[in-house]
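Single-structure report; data block below.
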Amino acid sequence: MIDLNLKDNFLDNAEKQALSRGLYDIPIMDADCHYMTTPMNEIAEYLEEPYRSRLRIYSGGSTKHIALDLGDRTVAGRMKSMPLYFQSKAPENSAVPKEIHPLMRANQKLAIDYSIVFPTDMLQLGLNPQSDIEVAIAYGAARWMTEKVLPSDDSLKTMLYLPFSDPEACVRMVEEFGDKKGVVGFMVTCVRYQPIYHNSYMPLYKLLEEKGLPLGFHTASYWMEKPLHQLNRFLSAHALGFPLYNMIQLTNLVINGIPERFPDLKFLFIEAGVSWIPFLMMRLDSDFIYRHSDAPLLSKRPSEYMKNFYFTSQPLEYTDNMKHLESIFEMFDAENQLLYASDYPHQDFDAPASIYDLPFLNEKAKRKILGENALKLFNIKEPVLHAKNRREQELREMASNRR
Amino acid sequence: MEGQFRMEHLVCERSRLVERKPVFVNVEGMDVGVVLIKDQVHAVENSCPHAEGPVCLGDVSNRVRMKLDENKLNRGEYASPDEVNIVCPWHGLEFDIASGVCTADSRFKLHKLAAIERDGKIYISL
Chain A
3 MIDLNLKDNF LDNAEKQALS RGLYDIPIMD ADCHYMTTPM NEIAEYLEEP
53 YRSRLRIYSG GSTKHIALDL GDRTVAGRMK SMPLYFQSKA PENSAVPKEI
103 HPLMRANQKL AIDYSIVFPT DMLQLGLNPQ SDIEVAIAYG AARWMTEKVL
153 PSDDSLKTML YLPFSDPEAC VRMVEEFGDK KGVVGFMVTC VRYQPIYHNS
203 YMPLYKLLEE KGLPLGFHTA SYWMEKPLHQ LNRFLSAHAL GFPLYNMIQL
253 TNLVINGIPE RFPDLKFLFI EAGVSWIPFL MMRLDSDFIY RHSDAPLLSK
303 RPSEYMKNFY FTSQPLEYTD NMKHLESIFE MFDAENQLLY ASDYPHQDFD
353 APASIYDLPF LNEKAKRKIL GENALKLFNI KEPVLHAKNR REQELREMAS
403 NRR
Chain B
6 MEGQFRMEHL VCERSRLVER KPVFVNVEGM DVGVVLIKDQ VHAVENSCPH
56 AEGPVCLGDV SNRVRMKLDE NKLNRGEYAS PDEVNIVCPW HGLEFDIASG
106 VCTADSRFKL HKLAAIERDG KIYISL
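Protein chains in written order, with our numbering: chain A, 3 to 405; chain B, 6 to 131.
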């Protein structure tokens, strides 16, 4: 008999997949993975009073600054990736902070060389009506990320959270952190109600465009939102919520002509799979040709702007007829515009094989989606095969210990 | 370890098996989970047909069903006592342990191997 257990062997099959497909030999970039909880006590230390005290978590309490969503993500514990993340303990000598350590272990088995890391809890921070608290958390988290996380390992990158309730603070964030090592873009979390087309945001878009930094829109399904409140199952809220908020932000962006005003600004839409993209293309185009005067800045159909946007792959939809997925990929030029994302350790994570095994992609397209598109978008030159190097280092250490 | 017949592989003594607690063997490069459920031994390749997750490391749980009364009113959900699933810990796909078929989508089917009990020992056959 052999000893297999969840803690040690959860991602062994992903490692086998990577080995059998040669994935350790090609650069893979994960455009979206997560640490689960922002270390509020640590980021508080970067702030002046009264915010330092306001952010600290006191014994037995919680920050109360970020609303937790309802719902059972693990289906009564059946899906194990998130519980395993929380159970994982970083060793004393860990070079990376304890929040990040489980991701490094996972990346090695998933053959991921570069990761964009983002805090799960902050996906809901945009719903906090206290703008100054949003700004404080965003600033403290950016300091922690750029001083403690990103310098600790070359494989770690981030798109920093923008406190979107304060457009001027967003500009200050880009000015202060946009050139820091490992900051490859900035992020708008999508469950929020600020009008992204308002004049007050134009300086932000202009600055990002000038700096060549992509703007990401990370969606979520927040069950307590009114549109989702009619849905009585987590399954339902999750299935509709993610594409819904990406669609709302993308629609506002395109119909108000933001890409027309900032043609060199790169947009990335994160975590809604791909099947919503053709739906939105066709819906917006159909309405647009009837009412161009409602969108006077547009010089072409909405779908044509969308073909210049970038999208992440996860959670890639399952279909029994691959022709359907192939058509979707063609509609938004996935070979050049799609970025692989794992979303690890969230329960619906995708391994790189989710892309590599698609039967309608040739080897060149697979490599572009798994890594090259992201490396180009995020301006990472001469990529290092970090996963392969780490794995070989570990194998050498194991062999050495056996001697 | 070879059994007394060709292509049979010894897993363990029957007495080692604990209800719903899989044990594992590696046979010709394949990880196989062997699990005792209601006095029946099942052997399953530790690879989910959906995304190749380690299906045998997941929960063994009873299928959830909804009770409807004669007027089709929902009278609550229950764990069906006679339907036992093995659940992939990656993405939660649930498989009827007896047939190996995914309860949500019959196109996904576990790779089950023959489990043989002889002389107090469990063998699997490829």
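Ideal Cβ positions, reconstructed from N, Cα and C, are used throughout, including at glycine.
Legend entry - Outcome for residue 132/A when other beta-carbon atoms lying within 10 angstroms are tallied against a minimum of 16: The sequence position of residue 132/A within the first sequence is 130, counting from 1. Exposed, by the Cβ-count rule.
Inset, instruction - Evaluate residue 7/B with the Cβ neighbour count: other Cβ atoms within 10 Å of its Cβ, from every protein chain shown; 16 or more gives buried, anything less gives exposed. - result: Within the second sequence, the letter at position 2 stands for residue 7/B. Any reading at residue 7/B needs caution, since the residue's pLDDT is 47, under 50, leaving its predicted position unreliable; the model's value is listed next. Exposed, since its Cβ has fewer than 16 Cβ neighbours within 10 Å.
Legend entry - Between the CA atoms of residue 156/A and residue 375/A - distance to the nearest angstrom: Counting from 1 along the first sequence, the entry for residue 375/A is found at position 373. Counting from 1 along the first sequence, the entry for residue 156/A is found at position 154. Their backbone Cα atoms lie some 18 Å apart in a straight line.
Legend entry - Euclidean distance between Cα positions of residue 115/B and residue 354/A: For the purposes of this step, residue 115/B is taken as the residue at position 110 of the second sequence. For the purposes of this step, residue 354/A is taken as the residue at position 352 of the first sequence. C-alpha separation (whole angstroms): 22 Å.
Inset, instruction - Under 7 Å between beta-carbons, which chain B residues line up against residue 90/A? List them in chain order, please. - result: Sequence index remark: in the first sequence, residue 90/A carries index 88 (1-based). Under the 7 Å cutoff, chain B gives no residues; its nearest Cβ is about 15 Å from residue 90/A.
Legend entry - Same chain, Cβ closer than 6 Å to residue 49/B, five either side skipped, listed in chain order: Here the question's residue 49/B lines up with position 44 in the second sequence. Result list for residue 49/B: 38, 61, 115 and 117, in chain order.
Legend entry - Residues from the region 74-104 of chain A in contact with chain B, defined by Cβ distance under 9 Å: 76, 77, 78, 79, 80, 81, 82, 83 and 86
Legend entry - Chain-ordered neighbours of residue 58/B on chain A, where CB pairs are closer than 7 Å: Position 53 of the second sequence, counting from 1, holds the residue named residue 58/B. Chain A residues near residue 58/B: 15.
Inset, instruction - Starting from residue 17/B, follow its DSSP beta bridges and name the residues at the other end. - result: Within the second sequence, numbered from 1, the residue matching residue 17/B stands at position 12. 127/B, per the DSSP bridge assignment.
Legend entry - Beta carbon of residue 97/A nearer than 7 Å to that of residue 154/A: Taking the first residue of the first sequence as position 1, residue 97/A is located at position 95. Taking the first residue of the first sequence as position 1, residue 154/A is located at position 152. Using a Cβ distance threshold of 7 Å, residue 97/A and residue 154/A count as a contacting pair.
Inset, instruction - Starting from the C-beta of residue 113/B, find all residues in its chain whose C-beta is less than 7 Å away, skip the five residues before and the five after it, and write them out in chain order. - result: Indexing the second sequence from 1 puts residue 113/B at position 108. Taken in chain order, the residues that qualify are 54, 55, 98 and 107.
Inset, instruction - Quick one: residues in its chain with C-beta nearer than 7 Å to the C-beta of residue 122/B, no 5 flanking neighbours on either side, listed in chain order? - result: To locate residue 122/B, count along the second sequence from 1; it is residue 117. Closer than 7 Å at the Cβ level, and outside the excluded window around residue 122/B, lie 19 and 46.
Inset, instruction - Taking residue 6/A and residue 29/B to be in contact with their CB atoms under 8 Å, please state how far apart those CB atoms are, rounded to whole angstroms. - result: Position 4 of the first sequence, counted from the start, is the residue given in the question as residue 6/A. Position 24 of the second sequence, counted from the start, is the residue given in the question as residue 29/B. Rounded, the Cβ-Cβ distance is 4 Å, consistent with contact.
Legend entry - Which residues DSSP lists as bridging residue 32/A, in chain order: Working through the first sequence from its first residue, we reach residue 32/A at position 30. For residue 32/A, which the question treats as bridged, DSSP gives the partners 117/A.
Inset, instruction - With DSSP collapsed to three states, give me the class of residue 16/A. - result: On the first sequence, residue 16/A is found 14 positions in, with the first residue counted as 1. Here residue 16/A sits in helix by DSSP.
Legend entry - Three or more C-beta pairs below 8 Å linking the region 142-153 of chain A and the region 169-184 of chain A: yes
Inset, instruction - Can you tell me which of the three DSSP states residue 369/A falls into? - result: For the purposes of this step, residue 369/A is taken as the residue at position 367 of the first sequence. If DSSP states are grouped into helix, strand and coil, residue 369/A belongs with the helices.
Inset, instruction - For the region 275-294 of chain A and the region 306-326 of chain A, state whether three or more C-beta atom pairs, one from each stretch, are separated by less than 8 Å. - result: yes
Legend entry - For residue 103/A, three-class secondary structure by DSSP: Position 101 of the first sequence, counting from 1, holds the residue named residue 103/A. Looking at residue 103/A - three-state DSSP - the assignment turns out to be helix.
Legend entry - C-alpha distance - residue 266/A paired with residue 215/A, whole-angstrom precision: Here residue 266/A refers to the residue found at position 264 when the first sequence is read from its first residue. Here residue 215/A refers to the residue found at position 213 when the first sequence is read from its first residue. Taking the straight line joining both Cα atoms gives about 10 Å.
Inset, instruction - Mind checking the region 115-126 of chain A against chain B and listing, in chain order, the residues whose C-beta falls within less than 7 Å of any C-beta there? - result: The region 115-126 of chain A vs chain B, Cβ under 7 Å: nothing.
Legend entry - Straight-line gap, residue 384/A to residue 24/B (C-alpha atoms, nearest Å): Here residue 384/A is taken as the residue at index 382 of the first sequence, counted from 1. Here residue 24/B is taken as the residue at index 19 of the second sequence, counted from 1. Near 53 Å, if we compare the C-alpha coordinates of residue 24/B and residue 384/A.
Inset, instruction - Under the assumption that residue 119/A contacts residue 192/A (Cβ atoms under 8 Å), give the Cβ distance between them as a whole number of angstroms. - result: One-based indexing of the first sequence puts residue 119/A at position 117. One-based indexing of the first sequence puts residue 192/A at position 190. In fact, because the Cβ distance is near 18 Å, the residues do not count as touching under 8 Å.
Inset, instruction - Check whether the Cβ of residue 233/A lies closer than 7 Å to any Cβ atom in chain B. - result: Here residue 233/A refers to the residue found at position 231 when the first sequence is read from its first residue. Not an interface residue.
Inset, instruction - Examine the Cβ distances between the region 110-117 of chain A and the region 50-61 of chain A and report whether three or more of them are shorter than 8 Å. - result: no
Inset, instruction - Please decide whether residue 19/A counts as near chain B, where near means a Cβ-Cβ distance under 7 Å. - result: Stepping through the first sequence from its first residue, residue 19/A is reached at position 17. Interface residue, yes.
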